[in-house]
Amino acid sequence: MTKPVGCLTDDEARGASRVELRRVIATPDLESWDMVLYPRIGDEPLAVDVFTVDDPAELDEASAIEHADHYAEFVLGCLGLKRTEPWAETQEGVLWAHVA
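In our numbering, the protein residues as written are 1498 to 1597.
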């Protein structure tokens, strides 16, 4: 069952192998992102975290992605995880990378 990132146990976090960043809402005033962790085996997410970027109109596209990257780096670090490769982007605009 998918749960909030903050509710993952250490053992569950160690089972993560991939992270995705998805821009869910994008307006001039607010961007909402989902950070989704996936296990080594299976397609159901382990955990989801939601965060926002205020005043995205003041940021260019690269800065918004950099902000999302820093957020993901912090949260992954709290779980004892880190990205092991640069972000890749799907055709749908989802950023993803392997974690360990």
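We put the CB at the ideal spot given by N, CA and C, even for glycine. This structure is a prediction, so every number in the text was calculated from the model and none was measured.
Item	Value
Give the range of the beta strand (DSSP E) segment to which A1544 is assigned.	1544-1551
Which residues in the same chain as R1537 place their Cβ atom closer than 7 Å to its Cβ, once the five residues preceding and following it in sequence are excluded?	G1512, S1514
Note down, one range per segment and in chain order, each alpha helix (DSSP H) of at least 4 residues found wholly within the region 1513-1587.	1558-1575
Are the CB atoms of W1530 and A1559 nearer to each other than 8 Å?	no
Would M1532 be called buried (16 or more neighbouring beta carbons within 10 Å of its own) or exposed?	buried
If you count every other CB in all the chains shown that lies within 10 Å of the CB of E1589, and 16 or more means buried, which is it?	exposed
Using only alpha-carbon positions, find the residue among A1585, D1526, P1501, V1591 that is nearest to A1554.	D1526
Would A1561 and T1581 qualify as a contact pair, given that the criterion is a beta-carbon distance under 8 Å?	no
So the beta strand (DSSP E) A1597 belongs to, where does it begin and stop?	Taken as a continuous stretch (DSSP letters only), A1597 belongs to no beta strand (DSSP E), as it is neither H nor E.
Please name the residue in A1569, V1521, G1577 whose C-alpha comes closest to that of W1584.	A1569
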